[in-house]
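What follows is one structure encoded as structure tokens, with my remarks underneath.
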Amino acid sequence: MIAENIALPKLLGLYETHLTVADLQTSTDFYRDVVGLEPAASFEERKVAFLWVDDRKTGMLGLWETGTGPLRMRLHIAFRMTAAGVLQAPALLKGKGVEPLGFTGEPATEPVVLGWMPALSIYFKDPDGHSIEFISILDDTPDRSFGVRPFSEWQAKA
Numbered sequence: 011m012i013a014e015n016i017a018l019p020k021l022l023g024l025y026e027t028h029l030t031v032a033d034l035q036t037s038t039d040f041y042r043d044v045v046g047l048e049p050a051a052s053f054e055e056r057k058v059a060f061l062w063v064d065d066r067k068t069g070m071l072g073l074w075e076t077g078t079g080p081l082r083m084r085l086h087i088a089f090r091m092t093a094a095g096v097l098q099a100p101a102l103l104k105g106k107g108v109e110p111l112g113f114t115g116e117p118a119t120e121p122v123v124l125g126w127m128p129a130l131s132i133y134f135k136d137p138d139g140h141s142i143e144f145i146s147i148l149d150d151t152p153d154r155s156f157g158v159r160p161f162s163e164w165q166a167k168a
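In terms of the numbering used here, the sequence shown opens at residue 11 and continues consecutively.
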């Protein structure tokens, strides 16, 4: 099932982790005021908040109010990778028998861009159903209005 001779691009480190929380505001305040993380963005309609760890290229913590996570999330881990690596990942994952996924869990043939960061991302699930992401922070100007759309659309807007 897994083609062991296909090597994925090198991981650069752990970029983000996500926690399910009982009360989004209480947890956001805690991680800001007690832990010292910097608020990055919050999306009230999705009941999610993101906080930077050091800066936007170093790491991020996502807080999801119970029952609101994407991909029917159990746990989520994002590994930093070069942009070239993220762009190669869909084909390489397919070659290993793993389905590349978009932001909401749909099959994907290319990475998506999260405009508010902006970041290039591709998702997939591990054997236990955990959400795994390969991510590369782009040097482009953030564009929250872009939302989350395919990389080809991000390129077309430039």
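We treat Cβ as the ideally placed atom computed from N, Cα and C, and that holds for glycine.
Model, not experiment: these values are computed from the prediction.
Beta carbon of residue 45 nearer than 8 Å to that of residue 52: no
Between the CA atoms of residue 48 and residue 116 - distance to the nearest angstrom: 31 Å
Residues near residue 113 by beta carbon distance below 6 Å, same chain, minus five either side: So the qualifying residues of the chain are 122, 158.
Where residue 160 sits in the DSSP three-state scheme: Secondary structure of residue 160 (DSSP, three-state): strand.
Own chain, CB closer than 8 Å to residue 119, minus 5 neighbours either side, in chain order: Here the set comprises 100, 110.
Alpha-carbon to alpha-carbon, residue 129 and residue 148: So the alpha carbons of these two residues sit roughly 5 Å apart.
Element boundaries [beta strand (DSSP E), containing residue 58]: 58-63
Local conformation of residue 89 per DSSP, three classes: strand
Nearest-angstrom Cα separation, counted from residue 24 out to residue 43: 23 Å
Residue interval of the alpha helix (DSSP H) (run including residue 113): Residue 113 -> no alpha helix (DSSP H), and no H or E assigned at all.
Alpha-carbon to alpha-carbon, residue 127 and residue 70: 11 Å
Check whether residue 29 and residue 73 have beta carbons under 8 Å apart: yes
For residue 38, the first and last residue of its enclosing alpha helix (DSSP H): 34-43
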